[in-house]
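Here's the structure, in structure tokens; my notes come after.
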Amino acid sequence: MDLRDLYRDVIVDHNRNPRNFGRLQPADAHAEGVNPLCGDRLDLYINLSGDRLTDLRFEGKGCAISVASASLMTEALKGRTQAEAKRLFEEVHDLLTRHDFTPGMELGKLAALSGVREFPVRVKCASLCWHALNAALANQSQPVSTE
Amino acid sequence: MNVQAQPAAPAFDVERVRRDFPILRVQVNGQPLAYLDNAASAQRPQSVIDAELRYYAETHANVHRGVHTLSQRATDAYEGARDKVRRFINAASTREIVFVRGTTEAINLVAQSYGRPRLAPGDEILITWLEHHANIVPWQLLCEQTGAVLKVAPIDERGEVDLAAYERLLSPRTRIVAIAHVSNSLGTVLPVARMIALARFRDAVVLLDGAQAVPHMRVDVQALDCDFYAFSGHKMYAPTGIGVLYGREGLLDSMPPWQGGGDMILTVSFEKTTYNALPHKFEAGTPNIAGVVGLGAAVDYLEGLGSGLGLEAAAAYEHALLEHASRALAAVPGVRLIGTAREKSALVAFVLDGVHAHDLGTILDAEGIAIRTGHHCAMPVMDFFQVPATARASFCFYNTHAEVERLVAAVRRTREVFA
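Structure, rendered in structure tokens:
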């Protein structure tokens, strides 16, 4: 168990300077994610143009893994279609949970999250924003929880 | 390491005590375990593990039922442990000692069996801002069921209850006062003697949540003059899944059973069932016999019957650990202590500037140091201090000053990772 694998430079950087931090008002889609065990909480805002995610912002409080993951996600998804976002969700899911998974090119900087799979209790920190994404696109009004 | 900063150790043989706890020899992530999460659950001495093992290997049968030898032996072990617990908290009678699953079940029992038949719309239940969710939610449920109103006594920046506000909130409608003896999230020792005396003036019934008190201090329910006292085995070095509700005999007698089943009845017919005497009226079904036997062994251990420990000597040593940890952590740049009450049990809650508690917990774990991070089942306390989560190091008599130093050094290194 190597901590440098979890807290890579990309993660530490995105935690300290989260990209796309803030809110979109009005937003075409919005969802709240909560992780009651650690007290992580984030709000995700999305603007859509047809099927395409044109802008994403998030705000909230959380650990370095959850903040960096949300920051990386908003960067990765800007300009993507909903179908592409869904595929990326699946890729990230495998990245976080499968030891035999080798990240492909399409994950880009998100591959920095691969160290999380060595820390099972932290997987829900990294996946919180992605569950919020699903909820926002499905237009759910209830907060999603990773518990 | 600054040896000068360490307080003079009282005469307490921690190395001898540590040998009683086999888990302290475990390595975590290649490091010797520093177990600083005792407020969540403490570890067990070998004598407790052995008592449970021996019970299953040599004694087990169902209690209060058979005429055969093992059933009688099991009943003797079970009821013998009840008397140990009675002496431990100085209850007047074993009829006042009800075995439950833990503090949570004890509080729910009182809410449903004492509160539900008695409370009317507009009646009031008074708690404090410091309570664990287990001493909030059962009362909220009771309020929904009866129309009673939940009142909350505020706390100040130190994490102490505002006694003047508490006194003002006590009213002629206050029926139940339910307060922590020691706060699980901040370590504050509440001035329960004064709070109980004030509640008596209003004729309110008082329940103390003693989960965090019983493992660390001498509790005398008669001297406290409380009506109910709830605590858990697993925080006092006993097995999980066993706990105690102390209740004044007169009150328990007047309360209806809380669960129905075997063991809590005298006679059953389809027309009329009569209930068993105290405390069996509140112990429906086959109880956690092995857990009770283990609890009795834990009481013996705390009373010093095993290794000469003694609760009083242990408490003085724990206080030295608290002083050491508080002073050393407060000196780390970026650390803010959460909860600085004048009277505290051996627990330090803190936040580290720019580092979420969960990241801190992971980094400490990599060094073999176990602490609790999160909201500690006390979300209102987190809201009060405007933090999403804290890191909490909670000590007990088998922890060492060297472990405190390891904790402080690891917190310093964590800052460097995120600097």
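As given, the protein sequences belong to chains D and P, one line each in that order. Each residue of the first sequence is one higher than the one before, counting from 8 in my numbering. Each residue of the second sequence is one higher than the one before, counting from 812 in my numbering. For each residue, glycine too, the CB sits at the ideal point set by N, CA and C. If you're wondering where the values come from, they're calculated on a predicted model, not measured in any experiment.
#### Entry: the region 1181-1195 of chain P touching the region 54-61 of chain D, judged by at least three CB pairs closer than 8 angstroms
no
### Task
With a threshold of 8 angstroms, establish whether the CB of ALA975 (chain P) neighbours any heavy atom of the ligand NAD.
Ligands displayed in this structure: none; no statement on the ligand NAD is therefore possible.
### Task
Taking GLY40 (chain D) as the query, report the chain P residues whose CB atoms sit under 7 angstroms from its CB, ordered along the chain.
By 1-based counting over the first sequence, the position of residue 40 (chain D) is 33. By Cβ distance, chain P contributes nothing, its closest Cβ being about 13 angstroms from GLY40 (chain D), past 7 angstroms.
### Message
Between ASP887 (chain P) and chain D, is any beta-carbon pair separated by less than 9 angstroms?
### Response
On the second sequence, residue 887 (chain P) is found 76 positions in, with the first residue counted as 1. No, because no Cβ of chain D sits closer than 9 angstroms to the Cβ of ASP887 (chain P).
### Message
Based on DSSP bridge pairs, tell me the residues matched to ILE947 (chain P).
### Response
Mapped onto the second sequence, residue 947 (chain P) falls at position 136. DSSP, once it has assigned bridges, lists no residue as partnering ILE947 (chain P).
### Query
To the nearest angstrom, how far is it from the Cα of VAL874 (chain P) to the Cα of ALA1088 (chain P)?
Residue mapping note: residue 874 (chain P) aligns to position 63 of the second sequence, counting from 1. Residue mapping note: residue 1088 (chain P) aligns to position 277 of the second sequence, counting from 1. For VAL874 (chain P) and ALA1088 (chain P), the distance between alpha carbons rounds to 15 angstroms.
### Query
Where does TYR867 (chain P) land, buried or exposed, given buried means 16+ other C-beta within 10 angstroms?
Sequence index remark: in the second sequence, residue 867 (chain P) carries index 56 (1-based). With a 10 Å radius around the Cβ and a threshold of 16 neighbouring Cβ atoms, TYR867 (chain P) comes out exposed.
### N-terminal and C-terminal residue of the beta strand (DSSP E) that LYS962 (chain P) is part of
Taking the first residue of the second sequence as position 1, residue 962 (chain P) is located at position 151. It spans 960-964 - the beta strand (DSSP E) in which LYS962 (chain P) sits, taken as one unbroken run.
### Query
Name the residues in the region 19-51 of chain D whose C-beta lies less than 8 angstroms from a C-beta of chain P; which are they?
VAL19, ASN22, ARG23, PRO43, LEU44, CYS45, GLY46, ASP47 and ARG48
#### Entry: Contact list for ASP1170 (chain P) against chain D, beta-carbon separation under 8 angstroms
Here residue 1170 (chain P) refers to the residue found at position 359 of the second sequence. Near ASP1170 (chain P) (Cβ distances below 8 angstroms), the residues of chain D are TYR14, CYS70, ALA71 and ILE72.
### Query
Which whole-angstrom value describes the C-beta separation of ILE18 (chain D) and ALA71 (chain D), a residue pair presumed to lie in contact below a C-beta threshold of 8 angstroms?
Position 11 of the first sequence, counted from the start, is the residue given in the question as residue 18 (chain D). Position 64 of the first sequence, counted from the start, is the residue given in the question as residue 71 (chain D). Indeed they touch by this definition, with Cβ atoms about 6 angstroms apart.
### Query
Is LEU1106 (chain P) helix, strand or coil by DSSP?
By 1-based counting over the second sequence, the position of residue 1106 (chain P) is 295. Helix, per DSSP.
### Message
For THR1097 (chain P), tell me which candidate among P:ASP1074, P:GLU935, P:LEU1113 and P:VAL1104 has the shortest Cα-Cα distance.
### Response
Walking along the second sequence from the start, residue 1097 (chain P) turns up at place 286. In this structure, P:ASP1074 is the residue among P:ASP1074, P:GLU935, P:LEU1113 and P:VAL1104 with its C-alpha nearest to the C-alpha of THR1097 (chain P).
### Task
Could you work out which residues of chain P lie near PHE126 (chain D), taking near to mean beta carbons separated by less than 8 angstroms?
Position 119 of the first sequence, counted from the first residue, corresponds to residue 126 (chain D). Those within 8 angstroms of PHE126 (chain D) in chain P are THR1173.
### Query
the region 1176-1187 of chain P: which residues have C-beta closer than 8 angstroms to a C-beta of chain D, in chain order?
ALA1177, THR1184, GLY1185 and HIS1186
#### Entry: Nearest neighbour of THR764 (chain P), chosen from P:PHE1208, P:VAL993, P:VAL1198 and P:ASP1176 [CA to CA]
What the structure shows of chain P is the stretch from 812 to 1230, and residue 764 (chain P) is not part of that stretch, so it cannot be assessed.
### Task
Can you give me the Cβ contacts of GLN1239 (chain P) inside the same chain, cut-off strictly under 7 angstroms, excluding the 5 residues immediately before and after it?
Past the boundaries of the shown model lies residue 1239 (chain P); chain P is included only from 812 to 1230, so the question cannot be answered.
### Query
At which residues does the alpha helix (DSSP H) containing PHE899 (chain P) begin and terminate?
Counted from its first residue, the second sequence places residue 899 (chain P) at position 88. It spans 880-899 - the alpha helix (DSSP H) in which PHE899 (chain P) sits, taken as one unbroken run.
### Segment contact, 8 angstroms Cβ cut-off, at least three pairs: the region 1191-1207 of chain P with the region 1147-1162 of chain P
yes
### Task
Using three-state DSSP, classify THR939 (chain P) as helix, strand or coil.
Here residue 939 (chain P) is taken as the residue at index 128 of the second sequence, counted from 1. The answer is strand: DSSP assigns THR939 (chain P) an E or B state.
### Task
Would you mind giving the Cβ-Cβ distance between CYS1207 (chain P) and ALA853 (chain P), rounded to the nearest angstrom? I have them listed as a contact below 8 angstroms.
Position 396 of the second sequence holds residue 1207 (chain P). Position 42 of the second sequence holds residue 853 (chain P). The Cβ separation is near 6 angstroms, so the contact holds.
### Query
Taking the DSSP output, what are the residues bridged to VAL1079 (chain P)?
Here residue 1079 (chain P) corresponds to residue number 268 of the second sequence, with the count starting at 1. Answer is P:THR1084.
### Span separating the alpha-carbon of ASN1210 (chain P) from that of TYR52 (chain D)
Here residue 1210 (chain P) corresponds to residue number 399 of the second sequence, with the count starting at 1. Here residue 52 (chain D) corresponds to residue number 45 of the first sequence, with the count starting at 1. Taking the straight line from one Cα to the other gives about 47 angstroms.
### Task
Step through the CB atoms of chain D and report whether any lies within less than 9 angstroms of the CB of ALA820 (chain P).
Taking the first residue of the second sequence as 1, we reach residue 820 (chain P) at position 9. Legend: pLDDT at ALA820 (chain P) = 43, less than 50; position of this residue unreliable, no value from coordinates given.
### Host alpha helix (DSSP H) of LEU55 (chain D) (start-end)
Looking up residue 55 (chain D) in the first sequence gives position 48. No alpha helix (DSSP H) holds LEU55 (chain D); the beta strand (DSSP E) holding it covers 47-56.
### Query
Apart from the five residues just before and just after VAL74 (chain D), which ones in its own chain have a Cβ nearer than 6 angstroms to its Cβ?
Taking the first sequence and counting its residues from 1, the one referred to as residue 74 (chain D) is at position 67. Around VAL74 (chain D): ASN22 and PRO25.
### Message
What does the Cβ neighbour count give for GLN842 (chain P), buried or exposed, with the cut at 16 atoms within 10 Å?
### Response
As a working note, residue 842 (chain P) is residue 31 in the second sequence. Counting Cβ neighbours within 10 Å, GLN842 (chain P) comes out exposed, since fewer than 16 surround it.
### Message
On the DSSP letters alone, give me the boundaries of the beta strand (DSSP E) that HIS1130 (chain P) sits inside.
### Response
Position 319 of the second sequence, counted from the first residue, corresponds to residue 1130 (chain P). HIS1130 (chain P) -> not in any beta strand (DSSP E); alpha helix (DSSP H) instead, spanning 1122-1141.
### Contacting residues, own chain, Cβ-Cβ under 6 angstroms from PHE1196 (chain P) (five flanking each side not counted)
Counted from its first residue, the second sequence places residue 1196 (chain P) at position 385. Correct list, in chain order: ILE1149.
### Rounded C-alpha distance that separates ALA1095 (chain P) from GLY1072 (chain P)
Sequence index remark: in the second sequence, residue 1095 (chain P) carries index 284 (1-based). Sequence index remark: in the second sequence, residue 1072 (chain P) carries index 261 (1-based). About 5 angstroms.
### Message
I need the DSSP call for LEU1018 (chain P), collapsed to helix, strand or coil.
### Response
Reading the second sequence from its first residue, position 207 is the one you call residue 1018 (chain P). Three-state DSSP puts LEU1018 (chain P) in a strand.
### Query
In the region 1188-1206 of chain P, which residues sit with their C-beta less than 7 angstroms from some C-beta in chain D, listed in chain order?
Taking 7 angstroms as the Cβ-Cβ cut-off, the region 1188-1206 of chain P approaches chain D at MET1193, PRO1199 and ALA1200, given in chain order.
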